[in-house]
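**Student:** Below is one structure. I have some questions about it.
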Amino acid sequence: MHAVVYREKTEPREGSQPIPIWLILASFSLLMWGGWYLGRFSADFAVDRYEGPNAYASSSALTTEKRITQIDPVLMGKRVYTNCAACH
Numbered sequence: 025m026h027a028v029v030y031r032e033k034t035e036p037r038e039g040s041q042p043i044p045i046w047l048i049l050a051s052f053s054l055l056m057w058g059g060w061y062l063g064r065f066s067a068d069f070a071v072d073r074y075e076g077p078n079a080y081a082s083s084s085a086l087t088t089e090k091r092i093t094q095i096d097p098v099l100m101g102k103r104v105y106t107n108c109a110a111c112h
């Protein structure tokens, strides 16, 4: 073979670059953190361990019950009609 042929390097191919080590480490770290987070805050994925939306409310807020009044639909319709009838 000629010396010129030996000196030439092969053409680089697209897509043959290795994955950067920092990307591998970042992905692995994120995956490990996600596993830790799920393990720590999942309550062992048990249905009976759900504390509900008022789990962190103060006890005084839980003791104060609001009365739910029944709304008369006819009365509500009259209010809406008298409000809108003036303009329309």
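Positions in the sequence shown are counted from 1; adding 24 to them yields the working numbering.
Idealized CB from N, CA, C, for every residue including glycine.
1) By Cβ distance below 6 angstroms, which residues in the same chain neighbour residue 36 in space, the five residues on each side in sequence not counted?
2) If I follow the unbroken alpha helix (DSSP H) through residue 106, where does it start and stop?
3) CA-CA distance, residue 20 and residue 64?
4) So for residue 118, helix, strand or coil by DSSP?
**Tutor:** So, from the data block:
1) Numbered from its first residue, the sequence shown carries residue 36 at position 12. None.
2) Within the sequence shown, the letter at position 82 stands for residue 106. Where residue 106 is concerned, the enclosing alpha helix (DSSP H) stretches over 97–109.
3) With the chain running from 25 to 112 in the structure shown, residue 20 is simply not present.
4) Outside the shown range of the chain, which is 25 to 112, sits residue 118, and nothing can be said about it.
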